[in-house]
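Student: Can you keep this structure in mind? I'll have questions shortly.
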Amino acid sequence: MVNIFQAKVNDSTLDDVVSERANRWRRLLSLITLAVVAAIVITAAFGVFEQERSTSVGKGQVQVDIGSPGTVRAGNEMDLAISITSTQPLPETVEITISQEYLELFEDFAVIPEAQSQSSGQQGDVSFELSTKPQAHHAVFHFTGRAADDWAPRTDGQVEVEVGDSTLSAEIRTWRMP
């Protein structure tokens, strides 16, 4: 057994410490890793990875707000919410048209409140005729379902809302995460 007072400098636990010059690549790699993590945090702070996206379109006395998922995973629930606000009372029915590309993002599909009628256009767009409450100035409609399993990483779509003689349209986009 070696006594601590008999220890030599060669027996030091710091004897194998690498010098700063020999450690240059490891330090560079750790700085790059730190920069990538900081970039992800800053990107998230600007809302790039948001789960919800909202779009507002206004024309005259009518304002339409569309809330759509920013990202969705296959099989998870998703909701497209369309809110219509008007300074004048809304008509008895409004018509909402959603492009075929965006509707294909849904596997199961339900409209809340239930549509009075629905029809398909020549390009595959589907129009829903939805009723509003009498003398209402605000109405919200939900298009809900599960996200379909598809290989496309991004789905772009078009929503068109017809309220009386006003027609408003907006582009929507949802990213599909693996």
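Be aware that the sequence shown starts at 8, since it is given in our numbering, and climbs by one per residue.
Glycine included, C-beta positions come from ideal geometry on N, C-alpha and C.
None of these values were measured; they are calculated from a predicted model.
Under three-state DSSP, which class holds Trp-182?
Tutor: Sequence index remark: in the sequence shown, residue 182 carries index 175 (1-based). Strand.
Student: Count the other CB atoms, across all protein chains shown, that sit within 10 Å of the CB of Thr-50; report buried if there are 16 or more and exposed otherwise.
Tutor: Within the sequence shown, residue 50 is the residue found at index 43, counting from 1. Result: exposed.
Student: What are the start and end residues of the beta strand (DSSP E) that includes Ser-138?
Tutor: If you number the sequence shown from 1, residue 138 lands on position 131. Element bounds for Ser-138: 133-138.
Student: By Cβ distance, which residues of its chain are closer than 6 Å to Ser-134, with the 5 residues on each side in sequence left out?
Tutor: Residue numbering aside, residue 134 sits at position 127 when the sequence shown is read from its first letter. Hits under 6 Å: Glu-102, Thr-104 and Ser-126.
Student: Taking one C-beta from the region 138-153 and one from the region 87-94 each time, how about it: are there three or more such pairs within less than 8 Å?
Tutor: As far as the Cβ criterion goes, the region 138-153 touches the region 87-94, which means the pair count is three or higher.
Student: Just to confirm my understanding: we take Pro-120, look at its own chain, exclude 5 residues before and 5 after, and list those with CB closer than 8 Å. What are they?
Tutor: In the sequence shown, the residue the question calls residue 120 occupies position 113. So the list reads Leu-137, Ser-138 and Phe-148, once near-sequence residues are dropped.
Student: What does a CB cutoff of less than 7 Å around Glu-108 pick up in its chain, not counting 5 residues either side in sequence?
Tutor: Mapped onto the sequence shown, residue 108 falls at position 101. Contacts found: Thr-162, Asp-163 and Gly-164.
Student: For Ala-154 and Pro-76, I'd like the C-alpha separation in whole angstroms.
Tutor: Position 147 of the sequence shown holds residue 154. Position 69 of the sequence shown holds residue 76. Computed Cα separation, rounded: 10 Å.
Student: Let me confirm a value: Ala-46 is counted as buried when at least 16 other C-beta atoms fall within 10 Å, else exposed. Which label applies?
Tutor: Here the question's residue 46 lines up with position 39 in the sequence shown. It is exposed - the Cβ of Ala-46 has fewer than 16 other Cβ atoms within 10 Å.
Student: How long is the line joining the alpha carbons of Arg-34 and Ala-52, rounded to whole angstroms?
Tutor: On the sequence shown, position 27 is the one that residue 34 refers to. On the sequence shown, position 45 is the one that residue 52 refers to. Arg-34 and Ala-52: Cα-Cα distance of roughly 27 Å.
Student: Among Val-170, Ala-159 and Gln-68, which one has its Cα closest to the Cα of Arg-94?
Tutor: Locating residue 94 in the sequence shown gives position 87, where the first residue counts as 1. Position check: residue 94 holds Thr in this sequence, whereas Arg was assumed. Thr-94 has its Cα closest to that of Gln-68, out of Val-170, Ala-159 and Gln-68.
Student: Taking the alpha-carbon of Gly-82 as reference, which of Glu-169, Asp-157 and Gln-58 has the nearest alpha-carbon?
Tutor: Taking the first residue of the sequence shown as position 1, residue 82 is located at position 75. Per the Cα distances, Asp-157.
Student: Taking the alpha helix (DSSP H) that Glu-108 falls in, what are its first and last residues?
Tutor: Here the question's residue 108 lines up with position 101 in the sequence shown. Where Glu-108 is concerned, the enclosing alpha helix (DSSP H) stretches over 107-110.
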